[in-house]
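Read through the structure below, which is laid out as structure tokens, and then see the notes.
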Amino acid sequence: MLKKQLLDEIQRALIAFFKKNTDNESITLREIAAAIGVSHPQTVLNKLNQLVLKWYFIKDEAGYHLIRESITDQRNDVIQLPIYGFAQCGNQGKKILDEYTQERLPVTPAMLGIKDPSRCFFVRAKGNSMEPKIQDGDLVLVQQQDNYDQNEYVFVVHNDLPKLKKVVKQEDKRYLESVNRFFDKMEISKFDETKIVGVIKKVIKNF
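Numbers 8 to 214, taken from our numbering, label the letters of the sequence shown in order.
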């Protein structure tokens, strides 16, 4: 169970503001600062990031999203998804995700756009081969499934190395492909151990 964490006046004002303004993607930090009576937009940014760390907000490419009004809020739609170590955006990497400490992130199904989040987890990206789509340090939401569309990016364990890639077929061969054009495709040979763990559903930037 999470311990109760005290909030300061600005943090409480931000929670109240986002509760009232659910459609806030076009609102700037300066506008939020003016609305809650804060003089500097940087103060708003700092306080929002603090609230992310306290699990009141989550941040993705669309901005900040309020996921609970109180740290003791037990709403049924808030779930805790695990964050597993690092998955390589490159051709080298650690052998197993569980070498790293497992964290958990509170999210809601609506925020993720996933009907069944019980089959989902996060991994933290490492490397630059998937830039600009996925950057070093981003949180990547993976939905566990072994089937995938050829246009989807997947979380794959290739010879014991967890990677974020696209699997492409050319003639009778399969390759692991990066987004970054400076990285070559890697052929999956018949001797390789390759398992598709799931499909990438969402990328949370700069978390």
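C-beta atoms are modelled at their ideal positions from N, C-alpha and C, and glycine is treated no differently.
Asked	Found
What three-state label does DSSP hand Gln152 in the structure shown?	coil
Is the CB-CB distance between Leu171 and Phe129 below 8 Å?	no
Out of curiosity, what's the CA-to-CA distance linking Ile207 and Thr50?	33 Å
My output table needs one value for Glu16: the three-state DSSP class, helix, strand or coil.	helix
Quick check on DSSP: helix, strand or coil for Thr115?	coil
Could you compute how far the alpha carbon of Glu16 sits from the alpha carbon of Ala42?	14 Å
Select from Met137, Ala23, Phe64 and Val114 the residue whose C-alpha is nearest the C-alpha of Gly44.	Ala23
When the Cα atoms are used, what is the spatial distance from Ser136 to Leu168?	15 Å
Comparing C-alpha positions only, which one of Ile141, Gly144 and Ile86 sits nearest to Arg126?	Ile86
In chain order, what residues of the same chain have a beta carbon less than 8 Å from the beta carbon of Lys122, not counting five sequence neighbours either side?	Pro116
What residue range does the beta strand (DSSP E) around Val85 cover?	Per DSSP, Val85 belongs to no beta strand (DSSP E) and is neither H nor E.
Measure the alpha-carbon distance for Met118 versus Phe189 and round it to whole angstroms.	33 Å
Name, in chain order, the residues that DSSP records as bridge partners for Asp201.	The question names Asp, but residue 201 is Thr in the sequence shown. DSSP output for Thr201 lists His165 as bridge partner(s).
Could you check the C-alpha separation between Asn154 and Ala132 for me, to the nearest Å?	22 Å
Taking the alpha carbon of Val149 as the point to measure from, which residue in Asn158, Val163 and Glu138 has its own alpha carbon closest?	Val163
Give me, in chain order, the residues of the same chain whose beta-carbon lies closer than 6 Å to that of Val186; leave out the 5 immediate sequence neighbours on both sides.	Met137 and Lys140
Based on the DSSP output, what are the partners of Lys26 in its beta bridges?	Lys26 pairs with nothing; no bridge assigned.
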